[in-house]
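In what follows, a single structure is set out as structure tokens and then discussed.
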Amino acid sequence: MKTKTRMWIAALRLRTLPLSWAGIVAGTAMAVREGAWRPGVFALSLLTASLYQILSNLANDYGDGVKGTDKHRQGPLRAVQSGIIGADEMKRAVVLTAILSVMSTLALLVVAFGRFDMVFAAYFLLGLAAIWAAVKYTVGRKAYGYAGLGDLFVLIFFGLVAVAGSYYLYTGRLDTNVMYPALAVGLMSVAVLNLNNMRDRETDLQTGKHTLAVKLGAKNAFAYHRALLMVSFLLLLYLAIRQPEYKTGFLAPLPALLLWWQSYGLMRKNEPKLFNEMLKRTSLLTLLTALLLWPVF
Numbered sequence: 099m100k101t102k103t104r105m106w107i108a109a110l111r112l113r114t115l116p117l118s119w120a121g122i123v124a125g126t127a128m129a130v131r132e133g134a135w136r137p138g139v140f141a142l143s144l145l146t147a148s149l150y151q152i153l154s155n156l157a158n159d160y161g162d163g164v165k166g167t168d169k170h171r172q173g174p175l176r177a178v179q180s181g182i183i184g185a186d187e188m189k190r191a192v193v194l195t196a197i198l199s200v201m202s203t204l205a206l207l208v209v210a211f212g213r214f215d216m217v218f219a220a221y222f223l224l225g226l227a228a229i230w231a232a233v234k235y236t237v238g239r240k241a242y243g244y245a246g247l248g249d250l251f252v253l254i255f256f257g258l259v260a261v262a263g264s265y266y267l268y269t270g271r272l273d274t275n276v277m278y279p280a281l282a283v284g285l286m287s288v289a290v291l292n293l294n295n296m297r298d299r300e301t302d303l304q305t306g307k308h309t310l311a312v313k314l315g316a317k318n319a320f321a322y323h324r325a326l327l328m329v330s331f332l333l334l335l336y337l338a339i340r341q342p343e344y345k346t347g348f349l350a351p352l353p354a355l356l357l358w359w360q361s362y363g364l365m366r367k368n369e370p371k372l373f374n375e376m377l378k379r380t381s382l383l384t385l386l387t388a389l390l391l392w393p394v395f
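In this text, residue positions in the sequence shown follow the working numbering: the first is 99, and each later residue adds one.
Following this line, the structure appears as structure tokens:
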């Protein structure tokens with residue numbers, strides 16, 4: 099029983115949560131710069147983003163497990179892959195987490211808007227789209243992750259939706275300046291996915307999971323990875339120049355630059371263990387980037 103409990107905890111992949119928080123923190127930071135702060139919205143936004151991420155993790159475990167994609171993967175052992183948790187059990191967990199995600203989304207919107215209107219409805223549909231995207235990455239015959247579209251969906255939901263969407267919850271409007279951190283955080287999140295896909299490129303190729311890393315090939319996937327980080331750095335640097343009154347903003351581009359520099363060592367050694375370490379580091383530094391956007395001084 100203890101072994102099964104530990105496997106369920108591992109299946110949640112709680113270490114991935116900092117990446118899901120980064121977009122919310124960045125969008126909130128941009129709103130705080132304008133004097134907009136609502137702790138209830140912030141707390142429920144983090145909860146909802148966490149549930150979306152856990153839903154994605156469980157659905158990914160289920161989808162790759164039933165397809166056999168996880169049999170020879172280089173990363174940590176997955177729950178369905180291990181046989182300790184059955185596919186039917188994981189499927190029920192996915193459904194339960196999806197229901198909790200819908201409930202959290204509704205709670206957030208009630209606190210943010212207070213009444214049902216067109217904006218409320220649009221946000222609710224956006225939340226349902228996020229839930230669909232979390233599940234369909236690996237689940238089903240036409241899972242978009244198997245067609246190399248995962249990068250696009252991560253950019254949209256971890257970047258544009260998370261940052262610009264959360265900013266709107268505070269301010270009731272959109273601003274051009276918000277798009278720079280939205281794209282930057284989104285691209286850094288894509289870099290996390292690309293690291294995962296580069297690590298598993300060989301086994302994904304054998305099992306028919308045609309991620310973008312598989313389609314690009316090893317050399318081009320590394321070049322793509324460095325481009326993601328460099329563009330993120332340039333976007334954040336441009337934002338800092340546009341808003342020089344926020345001194346901490348000049349620190350925000352540095353994590354992306356550091357990751358870009360470290361990627362060269364990863365390319366030379368190309369070892370699964372190093373990919374796992376870089377995955378954790380990139381997730382945490384993406385969250386640090388969002389935190390550095392806050393107007394501390």
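Using N, Cα and C, we set each Cβ at its ideal position, and we do this for glycine too. It should be emphasised that the depicted structure is a prediction, and the values quoted were computed from it without experimental measurement.
Alpha carbon to alpha carbon, how far is residue i from residue j?
i: Val252; j: Leu115; result: 14 Å
i: Phe255; j: Lys102; result: 32 Å
i: Glu187; j: Gln341; result: 50 Å
i: Ala245; j: His308; result: 5 Å
i: Gly181; j: Leu194; result: 21 Å
i: Tyr268; j: Val139; result: 8 Å
i: Ile122; j: Leu144; result: 7 Å
i: Leu207; j: Met277; result: 22 Å
i: Leu390; j: Thr274; result: 19 Å
i: Thr126; j: Gly133; result: 10 Å
i: Arg297; j: Asn368; result: 8 Å
i: Val209; j: Ile229; result: 20 Å
i: Val164; j: Ala177; result: 11 Å
i: Phe214; j: Arg271; result: 17 Å
i: Val233; j: Asn158; result: 7 Å
i: Trp119; j: Tyr235; result: 19 Å
i: Phe211; j: Ala227; result: 19 Å
i: Pro351; j: Leu326; result: 13 Å
i: Val394; j: Ser361; result: 30 Å
i: Leu386; j: Glu343; result: 20 Å
i: Asn318; j: Gln179; result: 30 Å
i: Gly166; j: Asp249; result: 22 Å
i: Lys345; j: Met128; result: 14 Å
i: Val237; j: Asp162; result: 8 Å
i: Gly225; j: Trp106; result: 25 Å
i: Arg94; j: Gly347; result: Any question about residue 94 goes unanswered here, given that the chain covers just 99 to 395.
i: Phe222; j: Thr301; result: 37 Å
i: Asn295; j: Leu303; result: 10 Å
i: Val283; j: Gly306; result: 29 Å
i: Leu364; j: Leu175; result: 22 Å
i: Arg299; j: Ala219; result: 40 Å
Using 8 Å as the threshold, is the C-beta distance between residue i and residue j below it?
i: Asn155; j: Arg190; result: no
i: Met376; j: Leu291; result: no
i: Val200; j: Trp392; result: no
i: Val192; j: Leu153; result: yes
i: Lys378; j: Arg113; result: yes
i: Ser202; j: Leu149; result: yes
i: Leu383; j: Leu349; result: no
i: Ala205; j: Leu247; result: no
i: Pro370; j: Ala124; result: no
i: Ile197; j: Ala109; result: no
Measure from the alpha carbon of residue i to the alpha carbon of each residue in the options, then state which is nearest.
i: Thr146; options: Ser264, Leu372 and Met128; result: Ser264
i: Tyr160; options: Leu142, Leu175, Ala185 and Gln151; result: Ala185
i: Phe320; options: Ala141, Gly284 and Phe373; result: Phe373
i: Thr380; options: Gly363, Arg366, Ala354 and Met365; result: Ala354
i: His323; options: Thr384, Leu142, Leu285 and Gly347; result: Leu285
i: Leu281; options: Arg136, Ala205, Ala388 and Trp135; result: Ala388
i: Gln151; options: Leu247, Ala231 and Leu386; result: Ala231
i: Arg136; options: Gly363, Pro351, Ile197 and Tyr266; result: Tyr266
- request: Evaluate the contact criterion for the stretch 260-275 versus the stretch 231-242: three or more CB pairs, one atom per stretch, below 8 Å.
  value: no
query: Counting pairs of Cβ atoms below 8 Å between the stretch 278-289 and the stretch 324-344, do you hit three or more?
result: yes
field: Inter-stretch contact at 8 Å, needing at least 3 Cβ pairs: the stretch 310-317 / the stretch 334-353
entry: no
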